[in-house]
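What follows is a set of notes on a single structure, which appears directly below.
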Amino acid sequence: MQHRTVFEVMTHNVVTVGPTASFKEVARLFHDHDISAVPVIDATRRVLGVVSEADLLRSTVALPDLEGRWTGTRPVPQDRGLPEAETAADLMTAPAISAQPSWNLVETARLMHSKGVKRLPVADETGKLVGIISRSDLLRPFLRHDSAIREEIEHDVLSTTMRLAPEQIHVSVRDGVVTLTGRVDERSSIPVLERLCRSVDGVVSLHESIDYTYDDLALDVEPPR
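Below is the structure:
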């Protein structure tokens, strides 16, 4: 089965800034390109960090009110996020958490979730920026047509991997929901079949009604001769 990689769904033309870009330059890029974060790169396109809207807001919340009084406590360390943080290098979150082009979308989604980020710069083996991937990019496989999902399951899972005859299992897909009906020889094949089908890109959920000839999971049943 062919699973989509980061390289296939990422944005290749990335808006970037250098470490000396000013606060206002970054804010203007956000507005002009309708984005909420930019990678910060050096002259060789090596990723140094990421500046997000949250990073800019950390700087502004530390400013005093109109009467010159500081409101609340400063939410960030002294060396970043303060009014004197004037450049991307001062504002950015570093080191950058990056994805690699060859990663599959599942491991990328897990990393985003564990780190609590909405996007990841994508860097090659040398650390150079090649793209950026966002949460919305991870959802692209779910835009696959039902027919494409069904064909992949029938060919890659049932025929090539499981070596099942076409008449053994019937596959239907509607809005990404897969339904399997039919019969297999051994009961132990059913959870394997389910797992493989769920791993197909675009599958939202799976229902099965599959019978079996021989319960090879029961300890007190003699195997067929």
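Converting from the sequence shown to my numbering requires adding 153 to each position, the first position being numbered 1.
Cβ atoms here follow ideal geometry from the backbone N, Cα and C, with glycine treated the same way.
Quick caveat, the model's predicted, so the values are computed rather than measured.
Out of the options, point me to the one whose CA is closest to residue i's CA.
i, options, result
"Ile286", "Pro254, His298, Val310, Ala301", "Pro254"
"Arg198", "Gly280, Tyr365, Thr366, Thr173", "Gly280"
"Phe183", "Leu210, Arg157, Val162", "Leu210"
"Thr240", "Val353, Glu178, Glu339, Glu161", "Glu178"
"Thr313", "Leu349, Asp328, His298", "Leu349"
"Val337", "Ala301, Leu258, Phe295, Pro319", "Pro319"
"Met245", "Val200, Ala276, Asp277", "Val200"
"Asn166", "Pro344, Glu347, His186", "His186"
"Asp369", "Arg181, Ile343, Asp354, Arg351", "Ile343"
"Val168", "Val191, Val162, His266, Arg157", "Val191"
"Phe176", "Asp364, Asp243, Thr158", "Asp243"
"Glu339", "Glu304, Ser352, Val330, Ala371", "Ala371"
"Pro294", "Asp354, Glu161, Glu206, Phe160", "Asp354"
"Leu311", "Arg351, Ala252, Pro248, Trp256", "Arg351"
"Thr261", "Thr366, Tyr367, Glu161", "Glu161"
"Asp277", "Ile322, Trp256, His156", "Trp256"
"Ile302", "Ala174, Val330, Thr334", "Val330"
Tell me which same chain residues have a C-beta within less than 8 Å of the C-beta of residue i, skipping the five on either side of it?
i, result
"Thr164", "Gly284, Ile285, Ile286, Ser287, Asp290"
"Thr332", "Val324, Ser325, Val326, Leu359, His360, Glu361, Ser362"
"Asp328", "Asp299, Val357"
"Asp195", "Gly171, Pro172, Leu201"
"Glu188", "Looking at the sequence itself, residue 188 is Ile, so the reference to Glu does not match. Excluding positions up to five away in sequence, the list reads Val168, Leu182."
"Thr226", "A caution first: Thr226 carries a pLDDT of 47, below 50, which makes its placement in the model unreliable, though a value can still be read off. Answer for Thr226: no residue qualifies."
"Gln321", "Leu311, Gly335, Arg336, Val337"
"His307", "Position check: residue 307 holds Glu in this sequence, whereas His was assumed. These residues qualify, in order along the chain: Pro319, Val324."
Using a Cβ-Cβ cut-off of 8 Å, state whether residue i counts as contacting chain C.
i, result
"Gln253", "Absent here is chain C; the protein component of the structure consists of one chain."
Is the distance from the Cβ of residue i to the Cβ of residue j below 8 Å?
i, j, result
"Val170", "Val204", "yes"
"Val159", "Ala247", "no"
"Arg397", "Leu258", "Residue 397 lies beyond the stretch modelled for the chain, which goes from 154 to 378, so this question has no answer here."
Buried or exposed, going by whether 16 or more other CB atoms sit within 10 Å of the CB of residue i?
i, result
"Pro274", "buried"
"Arg316", "exposed"
"Ala180", "exposed"
"Glu305", "buried"
"Thr366", "exposed"
"Leu296", "exposed"
"Leu282", "buried"
"Asp208", "buried"
Looking only at its own chain, which residues have a Cβ that is under 6 Å from the Cβ of residue i, when we skip the five neighbours before and after it?
i, result
"Lys271", "Arg288"
"Lys268", "Ile250"
"Val345", "none"
"Glu206", "Ser189"
"His266", "none"
Excluding the 5 residues flanking residue i on each side, which residues of the same chain have their C-beta closer than 7 Å to its C-beta?
i, result
"Asp364", "Arg336"
"Ala174", "Thr240, Ala241"
"Glu347", "Leu359, Glu361"
"Ser341", "Asp369, Leu370"
"Leu292", "none"
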